[in-house]
Structures are given as structure tokens and as C-alpha cells.
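Peer 1: This is the structure I have questions about; it appears just below.
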Amino acid sequence: MPSALPDGEPVPADGALPASALAGAADRPLGFYLHVPYCATRCGYCDFNTYTATELRGTGGVLASRDNYAETLTDEIRLARKVLGDDPREVRTVFVGGGTPTLLAAGDLVRMLHAIRDEFGLAADAEITTEANPESVDPAYLATLREGGFNRISFGMQSARQHVLKVLDRTHTPGRPERCVAQARAAGFEHINLDLIYGTPGESDDDWRASLDAALGAGPDHVSAYALIVEEGTQLARRIRRGEIPMTDDDVHADRYLIAEETLSAAGFDWYEVSNWATSEAGRCLHNELYWRGADWWGAGPGAHSHVGGVRWWNVKHPGAYAAALAAGRSPGAGREILSDEDRRVERILLELRLREGVPLSLLREDGLAASRRALSEGLLQEGAYEAGSAVLTLRGRLLADAVVRDLVD
Amino acid sequence: MPATPSHVPEPSRTDPALIRNFCIIAHIDHGKSTLADRMLQLTGVVEQRQMRAQYLDRMDIERERGITIKSQAVRLPWAPTHDKGNTHILNMIDTPGHVDFTYEVSRSLAACEGTILLVDAAQGIEAQTLANLYLAMENDLTIIPVLNKIDLPAAQPEKFAEELANLIGCDPGDVLKVSAKTGLGVEALLDKVVEQIPAPVGVKDAPARAMIFDSVYDSYRGVVTYVRVIDGQLNKRERIRMMSTGATHELLEIGTNSPEMLPADGLGVGEVGYLITGVKDVRQSKVGDTVTSQSKGAEEALGGYKDPKPMVFSGLYPLDGSDYPELREALDKLQLNDAALVYEPETSAALGFGFRVGFLGLLHLDVIRERLEREFGLDLIATAPNVVYRVIMEDGTEHTVTNPSEFPEGKIQEVYEPVVRATILAPTEFIGAIMELCQTRRGTLLGMDYLSEDRVEIRYTLPLAEIVFDFFDQLKSKTRGYASLDYEPTGEQSSSLVKVDILLHGDKVDAFSAITHKDQAYAYGVRLVAKLKELIPRQNFEVPVQAAIGSRVIARETIRAIRKDVLAKCYGGDISRKRKLLEKQKEGKKRMKMVGSVEVPQEAFIAVLSSDDSAGSGKGKK
């Protein structure tokens, strides 16, 4: 069961945005997220919007299949062009995620990218990323992507330990992601990320260190490390509820996070977001920074979320329903919310506090400021940054970011 | 089909020789209400089509729990089978069936000359029935033993007839066998009432004296007072006087119930009926008081009047502090109908504004709390129930403590606590378990009697505080539900009692203070501290949870500081979800109570406090 969509108001059939959303757009970067809702198998911990069937039928018999998925998605890119009208912006980032994008032919991913290029134009220094499954790429595949314009790739490595991968239902063999990194380098990718998961039931501190060491040994310029979240409705949640596997304690998560920080910083990585580290400014994921800094992006594909100028909307989740809407010339949007000024202030605090640059204190109200002083005295915020006018989390503060946010938004 | 008898004597003009005043003593579920219903039908007072199961139980809560709290009286005309031309008046007085209402029961009994002892033929007599039976015997009431539910396959009429015969000293053959459900044997029972129960005796020409045995607030009529006339006559429109207070009222209406109210000219010797005076508060019309005429009234009141005395106290607080005025209003309304309910405002540092409320016992507490929640829509936190302590200081000053957090500091010479005489009936196989339980609850064995070969009556003196604290549930679980319990206050005793305080991060939580015997203080402290550790979420700092007697810490746990409170991922699709989650968490934070610097969820208060008052739920039920 994929995770639930939020409640919201309906999206107009033509997908039109209120005028307010487009005001001042030229000053904000624009990105594209392309969702590929297919996987070979569903992993036990995953609650993303993804399907293992290759063909899914929507209303009116419209077929959403893996084979024609690039065309279906292209329809939405064209819809985006219409909705954004004469918006002159070139696209700064494209990120293909899933699901498993690399279950599609490399040529399909390139065609989707070219549809964006043809409709909007790509900035000269655009960051073009795809997620990749270590089991479904080879040098030829990577070469096709690189030649088609992709310059960043993100591999789902998760762990270097077989027994940990097994709990996560990951099918790749240890060592495989590291070889993929070498192949990607050889193919000419400038930026390479490895995704890691810590705190999987059965994982030890040493297992986690081994995963970090293996990842670093492969030489990526970016590492994402996530505490395992047991989402309601997943296979993993059921197994834990039945007592088949133990739930990992939050304190263990905290310990593993500290190990990650220590190991990664010793290897020359700096955190720039709570769960993300990079070797340089250039190694940061620009696309994700769009999310965290309130920029505009269009999310295309079933269940994808978009944000343009204070309007957030999300597409229907089922690939069949998605394809049917586009085939009928309608927006696949399932719902949207138009953010109030206060919503936007709260979002800025909750997102920007997760970043190395932190939240400008000018964003806080009286109670929030008082709370920030308490957080400072409790060692959750950095003193130097605070004096310079920003709330920036300390290492301990990063682990308690949500608690700090709850106080700062007052 | 029942036929209404001819020549039914009218109120105020009924020859006392034709009157029979009786009540029914029975345990809950033994079929009292069903029997009453059947009698209403057979005497033609209520027609079949109007019949509603258990006609006399008015309140929903009572109906649901199958218990009767407020008694009423019904005037039933009955022509005995062997003497059809001679219609008698049977006044059936409904008695409350619970341990908390012993005094009300005693007044109902005092209004009667006889009683039907109704016992389930499949279960035998229960402790509360036995206690009320003893009360009836003390009042010299004629007792008609009856086994009910003889149509049940599990019925053992011979065995329990023997038991009843032993108890009241009759022949097992004298025990009537009925099925209230089918009506079998009920006519014979009505005949027996006429035959065996003495007619009331009183002085016709003396100044009027009527005893109040119940008093009910009705939102349309004001207070309806139920009386039994002992001497003289009360007439409509005269002025009457309440002898305990001297207050006078105009008699707006006088009458009898059949079972609806039916105005009459008056009530004469031996008659039972109702009075309406327009007073709005049952405390102006107290159970046990004597009513007389204002002019040429009686000099001397009837004996046996007592003021109701609260035995158990609990703090009631609205979950939402802004509901405090509603809570006050609701208590005011309930008090109109409940002379035993007392309360005064109280402030708790942990729970805010509320009331310290006094009750007759645990069931009374339960019923009131449930009515507040159900009828008035209030969400409440109730502190663990406690009894009243009398504390004598070394300098001779005395304190009455109804709230443990007000237990005095300083040099204490003596602490007195209320004690009760408890009667437990159970199968003999549980004697050991019961004695062990009573021993750990500081009980003193008073005696033990065999009711039959395999059933025993055990009597103990126990501190009321021990009964209030989870005793009934323990008794039930140790006897697989077979034991029944009754108790009555018998006085007080000096005990080694201490106050245990609970401290969170060094701050006292007044709502958790408890008075316990010094030998039990440690166990209480350890248990509560462990429970709080489990219930209070980790804070940004380490929180010690301590139990202390004065400044001496007797138990300690530590709630470790929270180290991780951050969502790992926050990407495009997570943002709306995350903002909504934040809004929800902010709401949750508002529902936290601050104890010093520690945020305590209300659920923690409810969980800790409700575990202690579980003794109340199920009380009185089989």
C-alpha cells in the first residue's frame, strides 16, 4: 500500500494555477521531478508509490504500461508547459526517481529528459539526476544516460551487509553498488550519490561502520544516510508488529547517526542537510535544495507532488488513473493546497532548520525567539551562527530537529 | 388476564387493617425488578401493553447496570385468592440494592412491616442481600423467603431453600418458589404477603408523623418526597414542617403512585405516598426526617434520622480547563437529587481547577462520574479515591484530611482512619485466598459461619482505605468471581499512616500524593514511579521520577533524555504531510500539562489515576 495523499481542494481540470503562484516566478529556480512508479519487487520497508505489475489499466481501458510510460509522462510535461504559459524560465534541475527508474530502458529516461528540454529548455549548468538500482544498470546503460544528458546518478546501496539487505528485501549483492560507482565514473558522471539506511533491525554498530566504509571506498561525492522509518502499512511494519523482528530503538538511531557524522566528516564530507553529506558545494544535490528552499518544481508522474509559488499539488496515485486523465486531456492532479503566509513561514522554518545555513532569526516571532534562546542555552543551536542572526543546529540539535521546530514556530 | 379488583380503598380513607407495607430484598440480577413488574401486571396497575421491562428503574445508567438506586413506592390493590371480596392495599417499597446506600435501605425497611427475601435459585444468597436481611431482622420485619428463577436448568431450589431456612430459622418447605419471568407462583406470593405481613399499627388521632424514606428531584415538579405515615393524617393543602430543620412548606400535592403519581386528599395511618412542596433541592427533604403538620404538629420526631456522611473522596477535574464552569453547574444539578453528594472547589498544580467531591462509597462515585460524563458531556480526570483521615499533631491540633496532598507536615502524634465491618460470602474452597487477601489489607478476622456445607460467611474489620483501593477486583479475581462483599462503617482506628509524594524532576505532583500504611508505602512508590516512567515521554533533559515520604526518597527511576526526534527524510512529497503532522503535534502539546518544566500528557494522569480507581468499576455487579 503506497502512502496516503494529503487532503486538499480539487485541482481544476486544466491544471490552471492561480495568478499568485506565477507572480515573481522569474526570480525562483524551476526544477522537474519525474516519477517512475515501477519496481521489480516491492521492498518490505518501502511505502513509495510504486507497482510491480508492468501493465496497469485505468478507467476507460487506458493502458498504463512500462513500455509506453515515457510517452505518458511526456504528455504531462506538455501540460506543464501549457499551465506555466509564457514562464520564460529554463529548467535548472531534473530528478528521476521512483520506484525504480532504471527498470525503464535508458532511452526512455533520455526521451523524458528531452521532452523537458524541448518544451522548456535546460540551463547550461542544469543538474540532471536519476536514481538507479545497482542490479539494473551496466556500462552500456550508463553510457546511454550520460550521452543523453544525465550528469548525476544516485544508487540505492542501503547497506554493505547481506543480512541487513535481506531484512530490507534488497536483492542486490554486497559490492555491487561500489562497482556501479566505478562504472558511472568511467561513463563520465560528474556527481555520484550513495543512499544508505541505518538502524535496520539486526544491524550492529560495526555493520553500519562497514557500510559507511564500503560506501566511502567507492568514492562518491555525496552520501545520504537515513534512519530506517517503519511506515504504517508496510510489510516490515507487519513483521515488527507480529514480533518476528525487533524494532530499533531511537537511541540506537542516534548512535548510528553520530557514527555517520564522525566517519563521513573524517573522510572529508560535510553535512548540508540533516541526512545529506557532500564533499564540496558542487557535490550538493541542487534539486533537493529546491525542495528545502521553497523553490518551484513540477512533479510529473503518478502520485508526484509539485510546488509553484505557494501552491502545492499532487497527482492521482494509480498509474492507470494517471494515464487515463492525461489521455482525456485532463490534469492528473488529485488535490492541491494554496498556502497561507503563515503556512509558508512555518514551512520555511521546518525545512530550512534542517539545512547547514539554518533559519534566519528574522523569521521567528516573539515566542519562537524565546524558544530559540532556550534551544541555544540547551546546546541545540550554534552560538556563532546565532550571533550572526541564524538558528543553525548543532550536532545534538540535528538529532532533535523536530522538537526544536515545534518550539520555533510558536 | 389480571382484573382490577372491585371496591378498592382510597388513599386517606384506607383501613390500616387492609394495608400491607413490604419491600423486596434481593441481590442485583436476582430478579427484583422483574418480580416488581410482574406484580404491577397481576394487580392491574400497569397494563400489559404499557409494560416496559423493569418499569421502576428510571435512569438509563441504572437500567444498563441492572441496579436500582432511587427507591419508589407503588400502591397495589390485591384481592386475595381465598377472599376475593376483600381488596387489600399492598405498598411495595423499592429499596436500593447497593452497599453504598445502607442508610437509605434502612429507612426503606423502617417504612415496612415485612419483606420478601428474593434469592436466585441458581446462585444462592449474596453478601449484600445477607446484610440487608440482617438489617430487616433487626427491624423485626416479617420475612417471606422466595427462590426466583426456578425455571432455570441450573436452579437448585432444594439446596438454597435449605440455606435460606437456616438463615431465617424457618422450614425449607416454607420457602416459596417462583419464576418472576413467567409469573409462576407470583399470585401465591401476593396472597402470602396479605396473609403473613402484619398490618401497620399507628395512632389515628395523634399529631401527624410521617417518615421520609426517599426524596427525588424532578425537573417539572421539584422535589418529590416519599413518606410512610406512622401516626395521624396528612391532608392536601395543609402546611407541613420538617422536624430536623424546622422548615415549613405548603403541601402543594399529596398522593400515591400506581405507578404514576395520582393526587389524593391525604394519607392516613400506615399509608405510603408522595408529597410535593415546591422545594427544589433534596437536601431540604432529607431521608429519615419526620414530616408533621405545622399547626398542632408532633413534639417528638421518629427515631433513626442520620445525616448522610461522605466516606470516599475524589478530585474531579475537567480535562479541558475551560469546562470548569460546566462542571460546577452539573454538580449543582446532581446535588438537587442527591443529598449525599458534597463538593468544594479545589486547585491542583497538576490538574488545574476542579472539585473535591465526597461520596457514600465507590459505586456512588462511579455513578456520579458516569452521569457527569454522559448526561453533561464532560471529560473528566478523577484522582484516586481516598477516605477521610483525622490527624492529631503533637501540639494537640487536629486536621481533617480529605485530600492526601493536604496531609499536614510536621510532628504528627496520631492518624485515625475509618474502618468497616466487611462481610464476604463465598464457596468454602476460597477461604484461604480470602483470608490471605484480608490479611494483606490489614484486616482483623471477626468470625466465620457456614451458611451451608459449601458456602461460608467471613467477617472482617478492614480499613475503608483498603477497600477503596482495588479490594473488590482482587476479591473477585481470587475467588473466580464467586465471592460477594458487603461492608458498613463501624468507626475509626489509629494507624501508622504516611503520605507518599511523587516528584517529577524535583517538583511534587499533588494529584499523585497518597496516604498509605507505612509498610505499603515502599511498594506504592515503586509501582507508581515505574508506571510514570513508562507513561511520560522522554524530554530534552533527563527527568528523575521519585517517590518520597517527607524528604526521604523511597523509590526512583530516571526518564532518560530524548536523543532523537527528527524525521530522516523530508523531500517534495513529504512537506505537506510534515506540516500537517507539525500542526497535530502542536495540538498535542497544548494538551500536555506542565509539571514544573516537565511536559506530562493527560493520558499519563488518566492511566495512573484510573488504575487505582478500578476498584470502583464493577463494584456491586456480580
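Protein chains in written order, with full-length UniProt numbering: chain R, 1 to 410; chain F, 1 to 622.
Ideal Cβ placement from N, Cα and C applies to all residues, glycine included.
Owing to the predicted nature of the structure, the values given are computational and were not obtained by experimental measurement.
Does Y141/R get closer than 9 Å to chain F when you measure Cβ to Cβ?
Peer 2: By this cut-off, Y141/R is not an interface position.
Peer 1: Determine the extent of the alpha helix (DSSP H) in which R330/R is found, giving its start and end residues.
Peer 2: Careful: R330/R lies outside any alpha helix (DSSP H) and carries neither H nor E.
Peer 1: Beta-carbon of S211/R versus every beta-carbon of chain F: anything under 9 Å?
Peer 2: So, not an interface residue.
Peer 1: Taking just the CA atoms, how far does M247/R sit from K619/F?
Peer 2: Note that K619/F scores a pLDDT of 33, beneath 50, so its modelled location is shaky; the value from the coordinates is reported in the next line. When rounded, the distance between both Cα atoms is 40 Å.
Peer 1: Rounded C-beta distance between I240/F and V291/F? I'm assuming under 8 Å.
Peer 2: Their Cβ separation, rounded to whole angstroms, is 5 Å, which keeps I240/F and V291/F in contact under 8 Å.
Peer 1: What did DSSP end up calling K177/F once you bin it into helix, strand or coil?
Peer 2: It is a strand residue.
Peer 1: Compare the C-alpha of K580/F against each of E342/R, P88/R and A21/R and name the closest.
Peer 2: The shortest Cα separation from K580/F among E342/R, P88/R and A21/R belongs to E342/R.
Peer 1: Please report whether the beta-carbon of L364/R lies at a distance below 9 Å from any beta-carbon of chain F.
Peer 2: Output row for L364/R: interface = no.
Peer 1: Just the Cα atoms here: how many angstroms apart are R65/F and T129/F?
Peer 2: In this predicted model, R65/F has a pLDDT of only 43, less than 50, meaning its place in the structure is not dependable enough to derive any value.
Peer 1: Give every residue of the same chain whose Cβ lies closer than 7 Å to the Cβ of L482/F, excluding the five residues on either side of it in the sequence, and list them in chain order.
Peer 2: The residue you asked about is not Leu; residue 482/F is Tyr in the sequence shown. Taken in chain order, the residues that qualify are A426, P427 and F430.
Peer 1: Excluding five sequence neighbours on each side, which residues of the same chain lie with their C-beta closer than 6 Å to the C-beta of P6/R?
Peer 2: Taken in chain order, the list of residues that qualify is empty.
Peer 1: Quick check on this structure: which residue in R441/F, T142/F, L251/F and T444/F has the alpha carbon closest to the alpha carbon of A111/F?
Peer 2: The shortest Cα separation from A111/F among R441/F, T142/F, L251/F and T444/F belongs to T142/F.
Peer 1: Along chain F, in chain order, which residues have C-beta atoms closer than 7 Å to that of I77/R?
Peer 2: Chain F residues near I77/R: none, gap ~17 Å exceeds 7 Å.
Peer 1: Please classify F471/F: does DSSP put it in a helix, a strand, or coil?
Peer 2: The answer is helix: DSSP assigns F471/F an H, G or I state.
Peer 1: Residues bridged to V308/R by DSSP?
Peer 2: Paired residue(s): V311/R.
Peer 1: Rounding to the nearest angstrom, what Cα-Cα distance links K622/F and K478/F in this structure?
Peer 2: The pLDDT assigned to K622/F is 30, lower than 50, so where the model puts this residue is not dependable, and the model offers no usable value.
Peer 1: Please work out which residues of its chain come closer than 6 Å, Cβ to Cβ, to A143/R, disregarding the five sequence neighbours upstream and downstream, and give them in chain order.
Peer 2: The answer, listed in chain order, is A187.
Peer 1: Have a look at G85/F, L189/F, K296/F and V342/F and flag the residue whose alpha-carbon is nearest the alpha-carbon of L35/F.
Peer 2: The shortest Cα separation from L35/F among G85/F, L189/F, K296/F and V342/F belongs to L189/F.
Peer 1: Answer yes or no: does any C-beta atom of chain F fall closer than 9 Å to that of W271/R?
Peer 2: Chain F, which has no Cβ nearer than 9 Å to the Cβ of W271/R, makes this no.
Peer 1: Which chain R residues are close to S576/F, counting only those with a beta carbon under 7 Å from its beta carbon?
Peer 2: Per Cβ cutoff of 7 Å: P6, R312 and E337.
Peer 1: Check whether chain F comes within 9 Å of H318/R, counting only Cβ atoms and requiring the distance to be less than that.
Peer 2: No, H318/R lies away from the interface with chain F (no Cβ there is under 9 Å from its Cβ).
Peer 1: List the DSSP bridge partners of C23/F.
Peer 2: Paired residue(s): I93/F and T115/F.
Peer 1: Tell me, please, whether the CB atom of A568/F is closer than 9 Å to any CB atom in chain R?
Peer 2: By this cut-off, A568/F is an interface position.
Peer 1: Can you find at least 3 beta carbon pairs, one from the segment 480-497 of chain F and one from the segment 450-469 of chain F, that sit closer than 8 Å?
Peer 2: Touching, yes, given that three or more Cβ pairs across the two stretches are closer than 8 Å.
Peer 1: List the whole-angstrom C-beta distance separating I575/F from Y291/R, where the pair is believed to meet the contact cut-off of C-beta under 8 Å.
Peer 2: Indeed, because the Cβ distance is near 7 Å, the residues count as touching under 8 Å.
Peer 1: Does chain R have any CB closer than 9 Å to the CB of L582/F?
Peer 2: At least one chain R Cβ lies under 9 Å of L582/F.
Peer 1: Just the Cα atoms here: how many angstroms apart are R421/F and L464/F?
Peer 2: Each residue's Cα considered, the two are about 9 Å apart.
Peer 1: Which residues does DSSP list as the beta-bridge partners of H222/R?
Peer 2: For H222/R, which the question treats as bridged, DSSP gives the partners N193/R and A278/R.
Peer 1: For the segment 188-208 of chain R against the segment 148-165 of chain R, do three or more pairs of beta-carbon atoms, one drawn from each stretch, fall closer than 8 Å, so that the two count as touching?
Peer 2: The segment 188-208 of chain R vs the segment 148-165 of chain R: in contact.
Peer 1: Quick one: complete beta strand (DSSP E) runs, 3+ long, within the segment 184-249 of chain F?
Peer 2: Runs found: 209-218, 222-231 and 239-242.
Peer 1: Please compile the residues from chain R whose C-beta is within a distance smaller than 8 Å of the C-beta of K499/F.
Peer 2: Neighbours of K499/F on chain R: none; closest Cβ ~34 Å, over 8 Å.
Peer 1: Could you tell me which residues DSSP puts in a beta bridge with I338/R?
Peer 2: Answer is V311/R.
Peer 1: Using the C-alpha atoms, what's the distance from Q72/F back to Y84/F?
Peer 2: It should be pointed out that residue 84/F corresponds to Lys in this sequence rather than to Tyr. Computed Cα separation, rounded: 27 Å.
Peer 1: Helix, strand or coil for N166/F? Go by DSSP, reduced to three states.
Peer 2: Three-state result, N166/F: helix.
Peer 1: With DSSP as the reference, please indicate the residues paired to L380/F in a beta bridge.
Peer 2: According to DSSP, which records beta bridges pairwise, L380/F is partnered with P318/F.
Peer 1: Return the residues of the segment 270-293 of chain R that lie within a Cβ-Cβ distance of less than 7 Å from chain F, sorted by chain order.
Peer 2: From the segment 270-293 of chain R, only V274, S275, N288 and Y291 have a Cβ closer than 7 Å to chain F.
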